[in-house]
Amino acid sequence: AAGVIQSPRHLIKEKRETATLKCYPIPRHDTVYWYQQGPGQDPQFLISFYEKMQSDKGSIPDRFSAQQFSDYHSELNMSSLELGDSALYFCASSSDSNIYGYTFGSGTRLTVV
Amino acid sequence: AQKVTQAQTEISVVEKEDVTLDCVYETRDTTYYLFWYKQPPSGELVFLIRRNSFDEQNEISGRYSWNFQKSTSSFNFTITASQVVDSAVYFCALSPGDSSYKLIFGSGTRLLVRP
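Note that the protein sequences, when read in sequence, are chains V and C. Mapped onto the working numbering, the consecutive letters of the first sequence carry residue numbers 1 to 113. Mapped onto the working numbering, the consecutive letters of the second sequence carry residue numbers 1001 to 1115.
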């Protein structure tokens, strides 16, 4: 069965650079969620989209932005990167009508040096 | 406020021992969902179980079992006859009853199973 695809798997950026993470949800899933997991911490909800509209917002820094495209894939854009942005970034998808399909991707490990 | 507490930061057991990971949650919603995930050293989040607030039936899946008690707002996870491959960080999570479906995670319990 198709899973949630995240790219890239690993990314190394320098401080003040920009990074773009991509998430391809499971086919027919219309909702995407982004989470950030710092070293030794639990995943923290950043933002979600349903049918290409932002549906909920968590503790996402103003330097970050995200969107969901017409094919339902989503991109998380991070600018002016800081050392503290080094983390695992997870994307999850679901069908809005069914939480039972909630599925996480394998994550993107971002390292800011 | 919605919150998940995993009071056990780290547990170390010897292989074949049984171990229980505790999870206590707070929510005012009458409809909500509870999850357990396993995060091995490779980093991915491995789904273990999901339970909705109206289903208090305990569940067993192989060596894994879950005890959901609304009266104490707990959703504990037991591994029977633990194995070295069970070593990982385990997260309990809560999803509110609104349409958001975002997950609120506990701080995780690191389980080390020694041979």
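Idealized CB from N, CA, C, for every residue including glycine.
Just verifying my parser: in three-state terms, what is the DSSP assignment at residue i?
i	result
Gly84(V)	helix
Ser1071(C)	helix
Val1085(C)	helix
His10(V)	strand
Cys1092(C)	strand
Gly101(V)	strand
Asp1022(C)	coil
Ser1012(C)	strand
Lys15(V)	coil
Gln41(V)	coil
Asn1076(C)	strand
Arg1110(C)	strand
Ile60(V)	coil
Ile5(V)	strand
Leu1045(C)	coil
Thr111(V)	strand
Between residue i and residue j, is the Cβ-Cβ spacing less than 9 Å?
i	j	result
Tyr1037(C)	Leu1094(C)	no
Gln1006(C)	Tyr1090(C)	yes
Gln36(V)	Phe1105(C)	no
Glu1015(C)	Val1113(C)	yes
Leu1021(C)	Gln1002(C)	no
Cys1023(C)	Ser1100(C)	no
Glu17(V)	Thr31(V)	no
Using a 10 Å radius around the Cβ and a threshold of 16 neighbouring Cβ atoms, would you call residue i buried or exposed?
i	result
Lys15(V)	exposed
Met78(V)	buried
Gly84(V)	exposed
Pro27(V)	exposed
Gln1083(C)	exposed
Phe1068(C)	buried
Gln1115(C)	In the sequence as presented, Gln is not what sits at residue 1115(C); that position holds Pro. It counts as exposed.
Lys1102(C)	buried
Pro8(V)	exposed
Assuming residue i contacts residue j (C-beta within less than 8 Å), just tell me the rounded distance between them.
i	j	result
Val4(V)	Phe104(V)	6 Å
Gln6(V)	Ser106(V)	6 Å
Ser48(V)	Tyr33(V)	4 Å
Leu1048(C)	Ser1087(C)	At roughly 15 Å, the Cβ-Cβ gap does not stay under 8 Å, so Leu1048(C) and Ser1087(C) are not in contact.
Leu46(V)	Thr108(V)	Rounded, the Cβ-Cβ distance is 13 Å, inconsistent with contact.
Ser958(C)	Thr1031(C)	The requested residue 958(C) does not occur in the structure, where chain C is confined to residues 1001 to 1115.
Asp1018(C)	Thr1078(C)	6 Å
Ser59(V)	Ala66(V)	Actually they are not in contact, since the Cβ atoms of Ser59(V) and Ala66(V) sit about 13 Å apart, beyond 8 Å.
Lys13(V)	Leu81(V)	5 Å
His143(V)	Ser93(V)	Because chain V here runs from 1 to 113, residue 143(V) falls outside it and cannot be looked at.
Val1013(C)	Cys1092(C)	That pair is no contact at about 18 Å.
Inset, instruction - Return the residues of the region 36 to 70 of chain V that lie within a Cβ-Cβ distance of less than 7 Å from chain C, sorted by chain order. - result: Listed in sequence order: Asp42, Pro43, Phe45, Ser48, Ser55, Asp56 and Gly58.
Inset, instruction - Return the residues of the region 1040 to 1051 of chain C that lie within a Cβ-Cβ distance of less than 9 Å from chain V, sorted by chain order. - result: So the list reads Ser1042, Gly1043, Glu1044, Leu1045, Val1046, Phe1047 and Arg1050, given in the order they occur along the chain.
Inset, instruction - Check each residue of the region 1069 to 1097 of chain C: if its Cβ is closer than 7 Å to any Cβ of chain V, include it; give the result in chain order. - result: Against chain V - using a Cβ distance shorter than 7 Å - the residues of the region 1069 to 1097 of chain C are Phe1091 and Ser1095.
Legend entry - Contact residues within the region 81 to 98 of chain V, judged by C-beta distance below 9 Å to chain C: Those residues of the region 81 to 98 of chain V placed with their C-beta closer than 9 Å to a C-beta in chain C are Leu88, Phe90, Ala92, Ser94 and Asp96, ordered along the chain.
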